[in-house]
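Per this note's numbering, the very first residue in the sequence shown carries number 45; after that it's consecutive.
Down below is the structure, laid out as structure tokens.
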Amino acid sequence: MTGVQTCALPISQAIAQGLPASPLAVLDLQALPGHGVQATVGGRPLWLGNRRLIASQGLDTAALDAALRPHEQAGHSLSLLSDGQRVLAWFAVSDALRPGAAAAIAELRDLGLATVMLSGDHPATAQAIGRSEEHTSELQSQSTISYAVFCLKKK
45 MTGVQTCALP ISQAIAQGLP ASPLAVLDLQ ALPGHGVQAT VGGRPLWLGN
95 RRLIASQGLD TAALDAALRP HEQAGHSLSL LSDGQRVLAW FAVSDALRPG
145 AAAAIAELRD LGLATVMLSG DHPATAQAIG RSEEHTSELQ SQSTISYAVF
195 CLKKK
């Protein structure tokens, strides 16, 4: 894609791959861990990320809830595009479970181990994806590590 900087976040890469080539320059692309990305596109600042990112801009997604809820319940991750004033668009993407993941979790359970899925997604998305005994959602990178350590200490 012409003028597109790359980002290591899988959800950003999936969205970028699905878009047509753009003549607009993408500058100053910056990852916002636990939230999404921000960049300047065609001279205009834009943000692409989760509901936490949109809420941090003082924007409300309540009007979008009816459209977003079915995708979250189906296990899709949502990214909302904002110019800081309003939500311009939203994207629902899904990631297939890795081959063998379900079997690996079943083996752990057979050994008597409890499994916990840690996710940065919305609770409905995490619940749809997680087949573990327990799931925790809307975690940011550092809190994921902290929660994992807590679970290990708890055992």
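The beta-carbon is built from N, C-alpha and C at its ideal position, and this holds for glycine as well.
Just so you know, these numbers come straight off a predicted model, no measurement behind them.
On the three-state DSSP scale, how would you describe residue i?
i	result
R88	strand
L103	coil
D109	helix
Q129	coil
A158	coil
A65	coil
A118	coil
R175	Only weak support exists for where R175 lies, its pLDDT of 48 falling under 50; the coordinates are left without a value.
Have a look at the options and flag the residue whose alpha-carbon is nearest the alpha-carbon of residue i.
i	options	result
H115	I98, V85, S138	S138
L112	R95, A65, V160	R95
R88	H79, Q101, V70	V70
Under 8 Å Cβ to Cβ from residue i, same chain only, skipping five residues before and after it: list those, please.
i	result
Q74	V81, Q82, A83
L152	T159
Should residue i and residue j be called a contact, given that it needs their Cβ atoms to be closer than 8 Å?
i	j	result
S123	L92	yes
L90	L68	no
G128	Q101	yes
W134	L157	no
Which whole-angstrom value describes the C-beta separation of residue i and residue j, a residue pair presumed to lie in contact below a C-beta threshold of 8 Å?
i	j	result
T159	V131	No, T159 and V131 are not in contact; Cβ-Cβ is about 35 Å, not under 8 Å.
Using C-beta distances below 7 Å, list every residue in its chain close to residue i, excluding the 5 sequence neighbours before and after it, in chain order.
i	result
I98	T105, L124, S126, V131
Q61	none
V85	L68, V70
A136	H115, H120, L122
D72	A83, T84
L103	S126, R130, V131
Residues in its own chain within less than 6 Å of residue i by CB, not counting five upstream and five downstream?
i	result
I149	T159
L155	none
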